[in-house]
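For the sequence shown, our numbering begins at 18 and goes up steadily by one. Beta carbons are placed, not taken as given, at the ideal position from N, Cα and C, and that holds for glycine. Just so it is clear, the structure is predicted and the values come from calculations on it, not from any experiment.
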Amino acid sequence: LIGHLQNVNTNNLIGGPMEQTLLISYLRAANFRQWLAMPRCPPILHILRILLEKAFWRQRYQERTVEFQHTPKEYAHYPINSESFARSTHHLGNSIIIYHRPSDDMLVPGSIQTIEVSGSETFCSVTEAMPLKAGVHDPFERYPDFPAVTFTNSYLPTQHRIPVEKIVAHAVRYEFSRNRAVYVNLSQ
18 LIGHLQNVNT NNLIGGPMEQ TLLISYLRAA NFRQWLAMPR CPPILHILRI
68 LLEKAFWRQR YQERTVEFQH TPKEYAHYPI NSESFARSTH HLGNSIIIYH
118 RPSDDMLVPG SIQTIEVSGS ETFCSVTEAM PLKAGVHDPF ERYPDFPAVT
168 FTNSYLPTQH RIPVEKIVAH AVRYEFSRNR AVYVNLSQ
């Protein structure tokens with residue numbers, strides 16, 4: 018717990034509502050785990066415990082199930098290189114990415130639509146952000162050291178199925194004017 022709390026960015030504010038929420042959640046989970054360990058705990062909760070562990074502590078069970086999976090399994094969110102990525106219907110912020118387009122390996126922003134695991138391989142279906150029309154001004158073009166690019170605020174109708182190795186990083190998307198959005202690469 019201490020290691021996790023030390024990594025939380027608090028902007029030098031200590032003892033606020035965020036810390037209180039983290040502490041209360043941690044204490045409730047610890048009390049629940051202690052109650053499950055007691056002999057007088059109802060048997061039905063032990064069955065629910067197995068389901069809860071499979072749902073929320075996936076890493077413990079993932080090693081066992083990946084070997085036996087023959088059909089692709091779809092996930093709402095998935096950890097890749099210690100970062101959590103999600104499909105857009107589950108968590109929009111974690112679905113916005115910068116990735117290498119399969120056709121020409123160019124870096125483009127996009128949004129993850131699905132995450133599939135098949136055996137030891139993980140693939141994402143990604144919709145690419147629609148580029149600006151010719152003649153539309155990109156205000157970030159004159160700053161080559163700033164990792165921002167401007168695209169339209171909509172996506173292309175086709176999807177790319179890419180391996181997770183093609184994902185570069187998360188991106189921030191901000192609609193700053195009508196029909197335009199800026200994407201900032203968070204890997205830099």
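About 15 Å separates the beta carbon of Arg197 from that of Ile113, a gap too long to meet the 8 Å contact definition.
Burial state of Ser101 is exposed, judged by a 10 Å Cβ sphere holding fewer than 16 other Cβ atoms. Phe49 has its alpha-carbon roughly 12 Å from the corresponding atom of His63.
Look at Tyr160 here: in three-state DSSP terms it is coil, with no helix or strand label.
The shortest CA-to-CA distance from Val166 to any of Thr175, Gln176, Pro174 and Val153 is the one to Val153. Counting only runs of 4 or more residues that sit fully inside the stretch 87-116, no alpha helix (DSSP H) segment turns up. Around the beta-carbon of Ser42, fewer than 16 other beta-carbon atoms lie within 10 Å, marking it exposed.
Contact annotation, Ile179 with Val143: C-beta distance approximately 6 Å; criterion of less than 8 Å satisfied. Rounded to whole angstroms, the Cβ separation of Glu138 and Lys90 is 11 Å, and the two are not in contact under 8 Å. Put simply, of Tyr116, His177, Arg195 and Gln130 the residue whose alpha carbon is nearest the alpha carbon of His187 is Tyr116. Taking the Cα of Gln130 as reference, the smallest distance to any Cα among Pro119, Ala103 and Met147 is reached at Ala103.
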